[in-house]
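Before any comments, here is the structure.
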Amino acid sequence: MRLFVALALPDAVAQSLMLVQGGVPGARWQTRDQLHLTLRFIGEVDGRDTAMLDEALSSITAPAFELQLHGVGQFGNKQPHALWAGLRPSEALEHLQRKVDTAIRRVGQPQDSHKFTPHVTLARLRNPPMPKIVEWLTYNALYTSAAFRVDAFHLYSSHLSHDGSRYGQEQSYELGDDDGKVAD
Ligand code: ATP
Ligand code: MG
């Protein structure tokens with residue numbers, strides 16, 4: 003199974019993202035079901051590793067927090083291959099991301115060499131017309147979502163296919179109230 007850990011987005015936030023999806027010919031815009039915020043990519047693992055990962059992720063305690071999407075950007079510089087929405091800087095998100103990363107490395111998964119760049123991918127691109135990209139980035143620079151509460155993170159499976167990846171929530175992990183404990 004191909005796995006990654008991510009946050010889901012509430013409907014209102016997803017809808018606001020879908021309003022900025024347009025204006026770039028040839029872009030493959032992510033559907034509602036594809037929108038997510040990756041905390042940590044894991045990759046291909048077997049059933050035994052999946053069970054170990056699940057156990058490690060279950061033991062994470064961290065507080066729930068508020069998040070707000072803000073701004074847009076692209077990956078690929080002169081040859082953009084993705085458009086994304088960014089985030090207002092969040093200490094709590096960084097904190098959770100570090101805990102998730104540590105838990106995953108502890109059960110023997112290789113380190114992720116990339117620096118964590120929190121984003122929500124909005125589109126995949128192939129040889130897009132550069133002026134349209136610049137226009138899209140300028141036009142949507144001030145994009146801001148409503149603030150929303152993050153009270154869980156999820157283990158997702160990813161199924162690659164020709165018409166875009168399908169993601170499935172395999173497991174969910176609750177975040178606690180302010181002291182980090184999950185209320186019972
Ligand atoms: P595709 O690879 O077909 O373009 P995808 O990238 O959405 O689709 P995956 O490659 O399975 O699907 O990735 C799942 C999630 O993990 C995505 O949010 C992706 O951006 C992220 N991701 C993939 N590879 C890495 C990586 N090496 N480092 C960090 N994040 C990654
Ligand atoms: Mg990929």
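With this note's numbering, letter number 123 in the sequence shown gets 125, and the count goes up by one each step, no holes. Ideal placement from N, C-alpha and C gives every residue a C-beta, glycine not left out.
- Remark: C-beta atoms of P120 and L39 approach each other more closely than 8 Å.
- The three-state secondary structure of Q173, taken from DSSP, is strand.
- Rounded to the nearest angstrom, the Cβ distance from L41 to Q99 is 5 Å, consistent with a contact under 8 Å.
- In terms of side-chain proximity, the C-beta atom of T63 is found no nearer than 7 Å to any non-hydrogen atom of ligand 1.
- Between L59 and V47, the C-beta gap is not smaller than 8 Å, which leaves the two residues out of contact.
- In this structure Q70 is in contact with L89, their Cβ atoms being roughly 7 Å apart against a cut-off of 8 Å.
- Around the beta-carbon of Y158, 16 or more other beta-carbon atoms lie within 10 Å, marking it buried.
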